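Residue numbers (this note's numbering): 2 to 532. Ideal Cβ positions, reconstructed from N, Cα and C, are used throughout, including at glycine. As the structure is a prediction and not an experimental result, all values here were calculated from the model.
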Ligand SMILES: [Zn+2]
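Listed below in structure tokens is the structure:
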């Protein structure tokens with residue numbers, strides 16, 4: 002155990018933005034930078050002002066919002082071949098971004114220099130030296146990313162070492178060894194990092210890509226050899242198979258290896274931060290993502306649940322509270338009375354194991370399971386069902402009827418469907434109509450519109466995910482479907498489920514549950530605040 006400080010260099014906004022399906026607006030980038038600052042990563046690499054005008058704009062805007070924990074970093078390359086550093090336009094933009102720290106990448110693999118960059122090995126060394134010297138003269142802290150370092154080292158060790166020694170001589174503050182193609186093995190990372198730490202000393206960093214699924218392991222292997230600076234993206238996305246996942250690296254270093262990474266109370270923001278980043282990036286966080294995923298501490302099956310109830314360490318490697326995640330017991334056919342009791346007691350703490358209420362809820366769940374419902378992961382619906390079954394539940398509205406119309410051929414490409422919803426709230430009748438991309442989308446919009454005048458808080462709710470599963474595939478279109486809807490209000494996510502022979506009806510059930518769940522939660526919060 003070491004109490005050494007490790008620097009975390011987050012590149013979600015730069016390398017992460019290279020990931021397929023990722024596109025950040027300026028506003029997104031500001032929000033992401035603020036979230037990363039709150040959890041307290043050491044560095045936030047925010048973009049390449051030379052190659053991207055949107056990034057330049059970001060550096061202007063971010064000055065208006067003060068970061069309190071992290072240092073902002075602008076990213077750029079070594080100067081072009083055969084010109085002076087001060088004549089290089091991109092380098093000027095890099096300095097012009099006005100950050101205390103800059104990250105400069107340069108080539109460390111002879112093959113890349115000669116075959117891709119098409120310049121001489123000597124000129125590449127000069128490019129590294131001049132660029133870093135130029136940045137140091139402008140009083141920048143310089144992080145030098147030695148691109149393809151490990152591949153370069155394996156191909157031509159002398160040249161790779163010469164590249165980083167040159168960077169150091171020019172004044173680079175941190176030398177980062179990059180596994181740019183992501184194919185290096187932990188054993189090689191260890192050996193090579195060890196040699197570099199011995200030969201260069203000072204602050205050495207690591208930048209791993211995940212092409213063989215080992216970016217986290219590789220980063221940790223480097224730390225064991227004295228590397229003190231880790232680059233990655235917060236939830237691991239990035240080009241191809243992504244970058245080293247910082248949401249795995251940070252808690253592992255801090256909770257299992259004894260390093261200081263972020264302040265203890267900030268570590269409990271880990272799950273929240275990861276989910277916020279996935280939200281903004283419009284990428285669903287995979288449920289099985291280590292530490293921060295929905296299933297990371299979810300237990301299913303009577304025996305496991307029983308064991309965890311006796312002692313959490315029986316099936317948990319850490320206490321989920323440390324990183325702000327929750328323990329979940331999944332309701333399913335295999336789960337017994339004690340699991341259901343636990344769910345009931347979350348809402349009604351005084352209800353006891355042998356009470357009639359537990360039997361009622363258990364029977365209701367069994368009935369619905371028989372009809373094709375599945376409650377794993379659908380906590381929203383389970384909670385509503387408990388409230389409805391135990392009888393302490395007043396509906397927020399009454400449906401009079403709804404109607405959906407699907408047009409074919411489409412008169413409007415964006416809106417293929419129309420829905421009309423007629424409801425009553427406290428004796429007041431309300432009709433709303435809306436167009437949508439498909440009947441479920443139209444229905445969702447119409448229902449919200451009808452409800453929002455009574456319950457304005459529903460404006461916060463957004464659909465995150467919509468899944469349809471056919472239950473009995475033998476009878477094809479005549480069979481039942483199960484619809485799962487995941488919703489969020491930006492603070493919490495919840496999932497609701499509906500089952501029917503009609504996909505619209507199943508969706509309607511899940512939609513209504515989703516909105517009612519939100520209303521109940523808000524009502525509870527208000528009551529708590531009141532008492
Ligand atoms: Zn990279």
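Roughly how many whole angstroms lie between the Cα atoms of residue 16 and residue 444? Note on geometry: alpha-carbon atoms of residue 16 and residue 444 lie some 39 Å from one another.
Opening and closing residue of the beta strand (DSSP E) in which residue 399 lies: Run containing residue 399: 399 to 407, per the beta strand (DSSP E) assignment.
Under the criterion of a Cβ to heavy atom distance below 7 Å, does residue 310 qualify as lining ligand 1? Shortest gap from the CB of residue 310 to any heavy atom of ligand 1: 7 Å or more.
Taking CB distances under 8 Å as the criterion, tell me whether residue 228 reaches chain C. Protein chain content of the structure displayed is limited to a single chain, and chain C is not contained in it.
With DSSP as the reference, identify every bridge partner of residue 204, one or two as the case may be. Answer by DSSP bridge pairing, in chain order: 175.
For residue 97 and residue 83, I'd like the C-alpha separation in whole angstroms. Cα to Cα, residue 97 sits roughly 22 Å from residue 83.
Which whole runs of the alpha helix (DSSP H) in the segment 15 to 103 are 4 residues long or more, in chain order? Taken in chain order, the complete alpha helix (DSSP H) segments of 4 residues or longer contained in the segment 15 to 103 are 27 to 40, 54 to 63 and 90 to 97.
Is residue 278 near residue 236, with beta carbons less than 8 Å apart? Yes, they are a contact pair.
Coarse secondary structure for residue 427, derived from DSSP in three states: Correct three-state label for residue 427: coil.
Answer yes or no: do residue 347 and residue 498 have a C-beta to C-beta separation smaller than 8 Å? Taking 8 Å as the Cβ cut-off, residue 347 and residue 498 do not qualify as a contacting pair.
Would you mind stating whether residue 210 and residue 234 have Cβ atoms separated by less than 8 Å? In this structure, residue 234 does not lie closer than 8 Å to residue 210 by Cβ.
Residue 150, DSSP secondary structure in three states: Under the three-state reduction of DSSP output, residue 150 falls in the helix class.
Any chance the CB of residue 79 is under 7 Å from a heavy atom of ligand 3? As far as ligands go, the structure on display features ligand 1 and does not contain ligand 3.
Quick one: give me the first and last residue of the alpha helix (DSSP H) that residue 11 is part of. Careful: residue 11 lies outside any alpha helix (DSSP H), inside the beta strand (DSSP E) at 8 to 11.
Keeping to the same chain, check which residues put their C-beta closer than 7 Å to that of residue 390; ignore five residues upstream and five downstream. Correct list, in chain order: 361, 362 and 365.
Taking Cβ to Cβ, would you say residue 541 is nearer than 8 Å to residue 341? Shown here, the chain extends from 2 to 532; a query on residue 541 therefore has no answer.
Distance CB(residue 86)-CB(residue 129) smaller than 8 Å: Between residue 86 and residue 129, the gap from beta carbon to beta carbon reaches 8 Å or more.
Closer than 6 Å by C-beta to residue 5: which residues in its own chain qualify, once you throw out the five before and the five after it? Chain order, please. Shown here for residue 5: same chain residues with a beta carbon closer than 6 Å to its own, the five before and five after excluded, namely 260 in chain order.
Return the CA-CA distance between residue 158 and residue 148, expressed in angstroms with no decimal places. Cα-Cα distance, rounded: 14 Å.
Does at least one heavy atom of ligand 1 sit under 7 Å from the Cβ of residue 244? Look at residue 244: its beta carbon is less than 7 Å from one of the heavy atoms in ligand 1.
Just tell me which of 493, 299, 23 and 466 has its CA closest to the CA of residue 484. It is 466 whose Cα lies nearest to the Cα of residue 484.
Just to confirm my understanding: we take residue 455, look at its own chain, exclude 5 residues before and 5 after, and list those with CB closer than 7 Å. What are they? Here the set comprises 426.
Report all residues from its chain with a CB closer than 6 Å to the CB of residue 468; omit the five preceding and five following residues, and keep chain order. 485.
CA-CA distance, residue 518 and residue 113? The C-alpha of residue 518 lies about 56 Å from the C-alpha of residue 113.
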